[in-house]
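K.L.:
Next up is a structure, given as structure tokens.
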């Protein structure tokens, strides 16, 4: 059994390393549907976790411009972020932290960031589970230096204030 797990993990590492090297349409045609299927809640958690690993590897390693061409990459991440299991939502928050660390300077200010990424990370900052909120706040820290003052005033400061208000979590 351990050998099988090691083999699967090795293939996930291969996928992580090659997904950014092929054309986006190839990733769409070959990988998108099977990964989407693995995220389905009908599967056992171990299988879903492998789907999560593949989805985050795909979304992290395609070129940032690929997210504009294929919104499904980020939709898979949004599925992870809206899961009922806080541990899975936390994986989504960690994804954003890593993603913003990797390409925050490049994406802040784009329509994709404003319309998709920022609202999703804000949602995670306001999560009922403290662990998820902390991971999401750390993700916001990765892009803060690239944000304009208006975004900080209108989006980020209200989130922090809301976090303080709700249930005295801080």
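Numbering (my numbering), first residue to last: 67 to 236. We treat Cβ as the ideally placed atom computed from N, Cα and C, and that holds for glycine.
Locate the alpha helix (DSSP H) running through residue 92, then write down its first and last residues.
P.N.:
Taken as a continuous stretch (DSSP letters only), the alpha helix (DSSP H) holding residue 92 covers 90 to 93.
K.L.:
For the alpha helix (DSSP H) that contains residue 169, what are its first and last residues?
P.N.:
Looking at the DSSP string, the run of the alpha helix (DSSP H) that includes residue 169 is 152 to 173.
K.L.:
When DSSP labels each residue in this structure, what does residue 103 get in the three-state scheme?
P.N.:
Note: residue 103 maps to helix in three-state DSSP.
K.L.:
Do three or more CB pairs link the region 183 to 190 to the region 199 to 218 at distances below 8 Å?
P.N.:
Verdict: yes, contact present.
K.L.:
For my contact list, residue 136 and residue 176 are in at a C-beta cut-off of 8 Å; report their separation, rounded to the angstrom.
P.N.:
In fact, because the Cβ distance is near 15 Å, the residues do not count as touching under 8 Å.
K.L.:
Taking 8 Å as the cut-off, decide whether the C-beta atoms of residue 120 and residue 81 are in contact.
P.N.:
It is a contact, given that the beta carbons lie within the stated cut-off.
K.L.:
With distances taken Cα to Cα, identify the nearest neighbour of residue 217 among 193, 174, 139, 77.
P.N.:
Comparing Cα positions, the closest option is 174.
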